[in-house]
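Participant: The numbering of the sequence shown is numbering that gives the first Met the number 0, which starts it at 0 and goes up by one.
We put the CB at the ideal spot given by N, CA and C, even for glycine.
Encoded as structure tokens, here's the structure I'll be asking about.
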Amino acid sequence: MDIVHNAKEAHLSWLPSTSGSPPPPNALQADSGVCVIRGKKDEHLIPGKMLLRTGTASILYEGKEISLSEFEILCNTNVFSNQTLYQWVPASFGRVPAGALLAGITSTSEPLYVARAIVQDELCIGKVNCSQKFALLPYKGKENKVKHYEVLCFIEQKD
């Protein structure tokens with residue numbers, strides 16, 4: 000058998016889940032107890048969060064945080080499970096770093112990316128798209144515009 004040295008692998012996958020179900024053991028956590036998810040609302044596919052302590056998932060939609068009963072949870076499905084091939088990269092003012100994970104899309108075909116930032120001393124998970132000059136993050140059920148945030152990105156693999 001030939002050994003392939005320059006093989007590339009899709010190491011993050013979106014797996015279906017439901018509210019109240021335990022996440023897979025390889026679910027990607029944006030912070031301790033908070034997993035990255037995405038869900039559909041109308042014609043949008045929007046990144047959001049799942050709280051492990053409650054099993055609830057939510058996204059931001061039209062300025063409010065809404066709960067989801069069905070969603071997809073982001074999981075590390077790398078063959079080499081001990082490797083971390085993603086990182087959180089600082090960004091600001093609507094910019095998205097190279098290698099950002101495409102996590103959703105609006106009804107007008109604008110790409111959405113996973114963002115996280117501190118809002119009122121709490122790490123929040125939300126979205127950023129390049130047409131706006133900020134990330135949108137939920138806090139206490141409402142949308143917050145944040146100019147400085149981090150975006151989930153793939154780590155460049157050296158060949």
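Can you name the start and end residues of the beta strand (DSSP E) that residue 152 belongs to?
Facilitator: First-last of the beta strand (DSSP E) with residue 152: 147 to 153.
Participant: Taking the beta carbon of residue 154 as the centre, do at least 16 other beta carbons fall within 10 Å, making it buried, or is it exposed?
Facilitator: Classification for residue 154: exposed.
Participant: The ligand MG and residue 68: does the residue's C-beta get closer than 7 Å to at least one heavy atom of that ligand?
Facilitator: The ligand content of the structure shown is nil, which means the ligand MG is not present either.
Participant: Give a yes or no on whether the C-beta atoms belonging to residue 136 and residue 114 are separated by under 8 Å.
Facilitator: Closer than 8 Å, so yes.
Participant: Between which two residues does the beta strand (DSSP E) harbouring residue 74 extend?
Facilitator: Its beta strand (DSSP E) spans residues 69 to 75.
Participant: Apply the 10 Å Cβ neighbour rule to residue 129 and answer buried if 16 or more other Cβ atoms are within range, or exposed otherwise.
Facilitator: Answer is exposed; the Cβ neighbour count stays below 16.
Participant: Cα-Cα, which of 148, 10, 105, 132 is closest to residue 58?
Facilitator: For the residues 148, 10, 105, 132, the minimum Cα distance to residue 58 belongs to 105.
Participant: Please return the same chain residues whose Cβ sits closer than 6 Å to the Cβ of residue 43, not counting the five positions on each side in sequence.
Facilitator: If we look at residue 43 and ignore the five residues flanking it on each side, its Cβ neighbours are 105, 106.
Participant: Can you give the Cα-Cα distance for residue 122 and residue 48, rounded to whole angstroms?
Facilitator: Distance between the alpha carbons of residue 122 and residue 48 is about 11 Å.
Participant: In this structure, does DSSP put residue 131 in helix, strand or coil?
Facilitator: Looking at residue 131 - three-state DSSP - the assignment turns out to be coil, as it is neither helix nor strand.
Participant: Quick one, are the C-beta atoms of residue 20 and residue 68 less than 8 Å apart?
Facilitator: No, they are not a contact pair.
Participant: Using a threshold of 8 Å, state whether the C-beta atoms of residue 14 and residue 85 are closer than that.
Facilitator: Against a cut-off of 8 Å, the Cβ pair of residue 85 and residue 14 comes out as no contact.
Participant: Could you tell me the distance, in whole angstroms, from the CA atom of residue 66 to the CA atom of residue 74?
Facilitator: Approximately 20 Å, taken between the alpha carbons.
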